[in-house]
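As you go down the protein sequences, you meet chains A and B in turn.
Numbers in this note's numbering are just positions in the first sequence, counted from 1, shifted up by 32.
Numbers in this note's numbering are just positions in the second sequence, counted from 1, shifted up by 2.
Some notes on the structure that comes next.
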Amino acid sequence: MSAHAEFLRVAAEDEALAARVKRDFRKAGLPPHEHALLEFVETLTLAPWEIGGADWNRLRGHGWKDVEIAHAVLGSAHFNYLNRMADGTGIRFEYSTAIETYPVPLAERAPPRESTTGRDDAGFPRPDPVAAAAIVQDLPSGEPAALFAAISVNPEAARGAAAWRRYHLRGSERFGERDRIRIALYVAGLDRCPAAVEWLRGAADRSGIAAAEVATLAEGEVPAGTGAFDRFLFEHARRLTQSPWLAAQEHVDRMRAEGWTDRDVLRFTMLVAYLSFEHRAALGLGA
Amino acid sequence: MHDEALPAIAPPRVVKAGEPQGFLRMIGFAEAMAEGGELAETYRAMRSGASTSSRPSVYNTPGGDAANIVRCHSLDPEGMRAGFGISGPIHWSERSLPWRLRELINTVTSQANNCFY
Chain A
33 MSAHAEFLRV AAEDEALAAR VKRDFRKAGL PPHEHALLEF VETLTLAPWE
83 IGGADWNRLR GHGWKDVEIA HAVLGSAHFN YLNRMADGTG IRFEYSTAIE
133 TYPVPLAERA PPRESTTGRD DAGFPRPDPV AAAAIVQDLP SGEPAALFAA
183 ISVNPEAARG AAAWRRYHLR GSERFGERDR IRIALYVAGL DRCPAAVEWL
233 RGAADRSGIA AAEVATLAEG EVPAGTGAFD RFLFEHARRL TQSPWLAAQE
283 HVDRMRAEGW TDRDVLRFTM LVAYLSFEHR AALGLGA
Chain B
3 MHDEALPAIA PPRVVKAGEP QGFLRMIGFA EAMAEGGELA ETYRAMRSGA
53 STSSRPSVYN TPGGDAANIV RCHSLDPEGM RAGFGISGPI HWSERSLPWR
103 LRELINTVTS QANNCFY
């Protein structure tokens, strides 16, 4: 079942469409331009590192404006955050729906595209310089200006994203800034977002994370000699990043057994979920 | 991309009476109002916000409480504000895509993540 298929049913005033999209958007009979946009959204979700300028040009060819494509990126990126929060915290489905449940066999899901030529940057939009400057000028030094300049197509969203990032990289009593940066580097490696790795280098250096460890984490690898609980945290971050539907009560209980409060667990989950937004916004907008 | 053994189908998690509604403690609207404090102020602000007050009624939960996707943030009101503060500008502003298109995007994103939400 799907909460948002139910909301789609109402938004589209079309229960049959919502049911078809929920089953398989490719067979839902959508017009070509919407089909193309949803293929883009699916790739952004499953393999954001595959998004290139050619994808933007393809959507432009279907008549989509840059501001619309950018909002599709931001909307899907934010939803990637919400999906990981839903699964990472194990919330239950509380809405009623008239749409029949269609389980999604994972084996039938379209696999991520394999890159043959590498990511091309030509074709990504250039931020409006005035809008970007208005956002960037207010950023503290060391923050990723390119990311928020790319989001400046929606200035309120750009400011919100900057505050959001700042919050999640700020250390808490249980999980300090250094630990957060290590997780952020690791997830950037898993999401194949080199820009995010670069944005973290300064903070990693200030936190005393050695260059060799940064390099290992940026490959999505856990450094040798990592202790058992820290290794579990990296594994859980990987789970939340790549297969959030596999998050289970036992993972929360593992953290509780280590003395973590539910708030500590929540903050860790929120950090990893936030990173899924940041990397998709960055890769999808060409930051 | 996936290096774990995957189940054939991810089972949906459905509310049953008396069962916890998540892995973590969650504080709903009524409890927050009774206690007062930062969470109460955050809930109040979210409910009275321009993007929330104009939202279609289909998003209202059957019991009238905050949706579980909001409540799951409740132990961290600042994190709740940060995560949902960006939601209005992206999904519910004059720059946002039309509602039908947004829900198409949301549905496909959730399906790709094998998420019930």
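Don't be surprised by glycine CBs; every beta carbon is placed ideally from N, CA and C.
Note that the structure is a prediction, hence the values are computed from the model and not measured.
| Check | Outcome |
| --- | --- |
| Beta-carbon spacing of L201 (chain A), I183 (chain A) below 8 Å | no |
| Opposing strand residues paired with F156 (chain A) [DSSP bridges] | A:A154 |
| Pairwise C-alpha distance: L40 (chain A) and A50 (chain A) | 6 Å |
| Residue-chain proximity (E33 (chain B), chain A), Cβ-Cβ < 8 Å | no |
| Straight-line Cα distance separating R57 (chain B) from V42 (chain A) | 12 Å |
| Those runs of the alpha helix (DSSP H) which lie wholly inside the stretch 158 to 204 of chain A and span at least 4 residues | 161 to 168, 177 to 183, 187 to 201 |
| Proximal chain B residues relative to H103 (chain A), where beta-carbon distance stays under 8 Å | I92, R97, S98, L99 |
| Closer than 8 Å to chain B by CB, M287 (chain A) | no |
| C-beta neighbour in chain A for P79 (chain B), strict 8 Å | no |
| Delimiting residues of the alpha helix (DSSP H) encompassing I107 (chain B) | 101 to 114 |
| Cα-Cα separation between L272 (chain A) and R27 (chain B), rounded to whole angstroms | 19 Å |
| Cα-Cα separation, F207 (chain A) to W101 (chain B) | 38 Å |
| Where F207 (chain A) meets chain B, residues with beta-carbon distance less than 8 Å | Chain B residues near F207 (chain A): none, gap ~12 Å exceeds 8 Å. |
| Per-residue contacts from G24 (chain B) into chain A (C-beta, under 8 Å) | T121, G122, I123, R124 |
| Three-state secondary structure (DSSP) of W88 (chain A) | helix |
| Rounded straight-line distance, which links the Cα of Y306 (chain A) to that of N115 (chain B) | 15 Å |
| Within-8 Å CB hit, P176 (chain A) to chain B | no |
| A36 (chain B) burial status per 10 Å Cβ neighbour count (16 or more: buried) | exposed |
| Unbroken stretches of the alpha helix (DSSP H), 4 residues or longer, contained in the stretch 250 to 295 of chain A | 260 to 274, 281 to 289 |
| Closer than 8 Å to chain A by CB, S50 (chain B) | no |
| Assigned secondary structure, R27 (chain B) (DSSP; H/G/I helix, E/B strand, else coil) | coil |
| Whole-angstrom C-beta distance between A190 (chain A) and F180 (chain A), which should lie under 8 Å | 5 Å |
| L222 (chain A) and R299 (chain A) closer than 8 Å at C-beta | no |
| Cβ-based contacts, 7 Å cut-off: residues of the stretch 294 to 315 of chain A near chain B | D294, R295, V297, L298, R299, M302 |
| Cβ-based neighbour list, H103 (chain A), same chain, cut-off 8 Å, excluding 5 preceding and 5 following | V185, N186 |
| Burial state of F31 (chain B) (16 or more Cβ within 10 Å) | buried |
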